[in-house]
Amino acid sequence: MQTERASGILLHPTSLPGPHGCGDFGPAAYHFVDWLAAAGQSLWQVLPLGGVGPGNSPYMSSSAFAGSLLFIDLADLARQGWLDAEHLEPAPGLRAGQVDYGATRSYRLERLTRAAQCFFERASPEQRLDYQRFCAAQHGWLDDYALFMTLDAAHPGCEWPDWETALVRREPAALADALRRHDTEIAFWKFCQWNFARQWQALRAHANARGVRLVGDLPIFIAFHSAEVWANQHLFELDAHGRASVVAGVPPDYFSATGQRWGNPLYRWSAHAADGYAWWVARMRHSMELYDLVRVDHFRGFEAYWEIPAAEPTAMHGRWVSGPGSALFGALQDALGGLPIIAEDLGIITEEVVALRKRHGLPGMLILQFAFGGKADNPYLPHNHAADAVVYTGTHDNDTTLGWWAAAGAPEREHAMRYLGFSGEQDLEWRFLATAAASVAKFAIHPLQDVLGLDGTHRMNLPGKSEGHWEWRFGWDQVQPHHGDKLREITALYGRLPGQYGQG
């Protein structure tokens, strides 16, 4: 990790403007990078870039390695000669201010299918070579992913344990037969991943050239119905029928009185240790190829995780189980060198979790919305902040600052007003943004909703609610010159502009 102070914005690419149902890696993403640079920001944090799962959550992807097809810029495919102008016309019903995932997925899949067919029919030798090189370089995960997605489409409504027994057990003859019968579909999924990677790396190069580093998000757990669980069943706590015997979540906390039952399968850590954590090394290496920094979600689960019997409907009746701890992070460091990781250490944090994070030199997270209404030793209050941290007004799981204020009780409001030194609500969000920028924490990352002064109807997610979230989008008409000017002003005031400390 570098030593300079820096500032950035939290925004998932789906929230970007654009004509094709959700934000993607097209012109709006490049414009956003340019806006970040002009506003003095040097970090862009995204949520996981994989395909969405139940409830449209990016934390329940069908793959730990593959990118979401929704991010592929269709206009770029037209420039490559694989789509016609008519294919770029927006479909009726796609909304500018909200992602309709069902309609957007159908619209984009149709066009990606057309583009793939055109590519395989008349791609140039250079294009074919680039595609083939990508497939060869990524075969360690790409082959299983493409076959999994193909078999998933061939078994609608079924999870992988409900497929034919030979496929569930991954018998070589059954896999070889599937590869022969579905070669066109398998090639389609690989084509899409090539385009995702090609476009993302071009966007990353543009961001880096403008002094903006990309911060990714690596969920600790993966979805049960995913390529990696199917392909690596011995690495997960599954029963004899391939079903999860225990699942992941967190106990009752700030967000939910019954806890959160995420439902992800848990790792069989003894199997991971037996092969030197090779799967985790591959996963982290892949993330480091995509991002400049990686936020590791639910870091405390590596020290101890909440194990819930699969039959339990809530997270209330679980238990804490020891995780791999330093054995895993030592293996990662031995294989990959320095780890550019941000540890998401929110929730029930013990001394052991703090020791694990500090032992490996990983900054933690601080949330201003958690600071007020309690005691003076609250670690989220700015006077208790440490430099080895990233400070946020709130994350994707929090309300916007204005939404939080509207729902806050009198003790929180009164404490915040006294602490931050204001008596009214005018520019409330900027009080919080400036306080985050002033923190001694190394990085300050602001949700775009707070910069734009948006209320709680614009929040990204509500933990524990399975529907109706992850859909927020903004429009450029909401971004006024004063937003960037004021953001740059507080960034400069508190020494977070690139180059003010060390080398930006």
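This note's numbering numbers the first residue of the sequence shown as 98 and each following residue consecutively.
Don't be surprised by glycine CBs; every beta carbon is placed ideally from N, CA and C.
- From the listed residues 349, 566, 491 and 311, the smallest Cα separation to residue 152 is found for 566.
- Listed in chain order, the beta strand (DSSP E) runs fully inside the stretch 127 to 179 are 140 to 142, counting runs of at least 3 residues.
- The Cβ neighbour count for residue 496, taken over all protein chains shown within 10 Å, is at least 16; the residue is labelled buried.
- An exposed status is given to residue 414, since fewer than 16 other beta-carbon atoms sit within 10 Å of its beta-carbon.
- The stretch 519 to 595 contains, as complete alpha helix (DSSP H) runs of 4+ residues, the segments 525 to 535, 545 to 548 and 578 to 590 (chain order).
- Within the same chain, and ignoring the five residues on either side of residue 517 in sequence, the residues whose Cβ sits closer than 8 Å to its Cβ are 528, 529 and 532.
- For the set 231, 313 and 333, the Cα lying nearest the Cα of residue 322 is the one of 333.
- For residue 420, no alpha helix (DSSP H) encloses it, and the DSSP letter there is neither H nor E.
- Note on geometry: alpha-carbon atoms of residue 150 and residue 103 lie some 33 Å from one another.
- Excluding five sequence positions before and after residue 418, the CB atoms of its chain that fall closer than 7 Å to its own CB belong to 401, 402 and 404, given in chain order.
- Fully contained in the stretch 270 to 348 are the following beta strand (DSSP E) runs of length 3 or more, in chain order: 310 to 315 and 343 to 347.
- If the five residues before and after residue 432 are omitted, its C-beta is found closer than 7 Å to the C-beta atoms of 378, all from its own chain and listed in chain order.
- The three-state reading of DSSP puts residue 107 in strand, counting E and B together.
- For residue 403, the enclosing beta strand (DSSP E) covers residues 401 to 406.
- For the 8 Å CB-CB criterion, residue 592 and residue 193 do not form a contact.
- If one requires a minimum length of 4 residues, the alpha helix (DSSP H) runs lying completely within the stretch 419 to 506 are 423 to 433, 448 to 456 and 498 to 504, in chain order.
- In terms of CA proximity to residue 351, 445 leads the group 214, 445 and 474.
- Leaving aside the five residues that flank residue 159 on each side, the residues in its chain whose CB is nearer than 6 Å to its CB run, in chain order, 148 and 323.
- Residue 558 sits buried, since 16 or more C-beta atoms from the chains shown fall within 10 Å of its C-beta.
- For residue 362, the pairing in a beta bridge is given by DSSP as 344.
- Cβ-Cβ distances below 8 Å link residue 190 to 197 and 200 in the same chain, with the five nearest sequence neighbours on each side left out; the list follows chain order.
- Within its own chain, the residues whose Cβ lies closer than 7 Å to the Cβ of residue 115, once the five positions on either side in sequence are excluded, are 121, 123 and 125, listed in chain order.
- If you ignore the 5 residues before and after residue 263, its C-beta comes within less than 8 Å of the C-beta of 270 and 271, all in its own chain and listed in chain order.
- Per DSSP, reduced to three states, the secondary structure at residue 266 is coil, with no helix or strand assignment.
- Note that the C-beta distance between residue 140 and residue 312 is below 8 Å.
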